[in-house]
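Colleague: Residues -15 to 101 in this note's numbering are what the sequence shown spells out, letter by letter.
For glycine and all other residues, C-beta sits at the position ideal for the given N, C-alpha and C.
From a predicted model like this one, the values you see are computed outputs, not experimental measurements.
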Amino acid sequence: QVRLVESGGGVVQAGGSLRLSCAASGRTVSVNNMGWYRQAPGKERELVASFTVDGNVNYADSVKGRFTISRDKTRTSVYLQMNGLQPEDTAVYYCNYRPWRIGGDYWGQGTQVTVSS
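1. How would you write the range of the beta strand (DSSP E) that GLN96 sits in, first residue to last?
2. Restricting to Cα atoms, I'd like to know which of ALA7, VAL13 and SER34 is closest to GLY87.
3. Assess contact between the stretch 34 to 41 and the stretch -14 to -5, defined as three or more Cβ pairs (one per stretch) separated by less than 8 Å. Is contact present?
4. Ignoring anything shorter than 3 residues or poking outside the stretch 14 to 38, list the beta strand (DSSP E) runs there in chain order.
5. Measuring only the C-alpha atoms, how far is TYR63 from ASN80?
6. Would you kindly report the start and end of the unbroken beta strand (DSSP E) that includes ALA7?
7. Rounded to the nearest angstrom, what separates THR74 and GLY26 at their Cα positions?
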């Protein structure tokens, strides 16, 4: 099993910044898909940014140029630097981890990000 622990959410004014962190522990492997999703009230969960197995990064169009995903050398911790936050970024942000080959789809508990106008 894999456990994901997230931190870094909070309340910020429009134009502000936050940094989210997520650490995976347990049966982890360095080759994985790992990243961030978000879910706003009344909406479906959507991809924000994620590393793929081959090391590429995918960003949602709505966050390109404002958000940056990064990870540590073990590839089992990911970070999301969010700049220029807007009220439409308000959501619960979830960390996701999918190890290559051994299977599994793991989610963190979610961290609330609220952007006031």
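Modeller: Straight from the coordinates:
1. 95 to 100
2. VAL13
3. no
4. 16 to 23 and 30 to 35
5. 12 Å
6. For ALA7, the uninterrupted beta strand (DSSP E) run begins and ends at 2 to 10, by DSSP.
7. 12 Å
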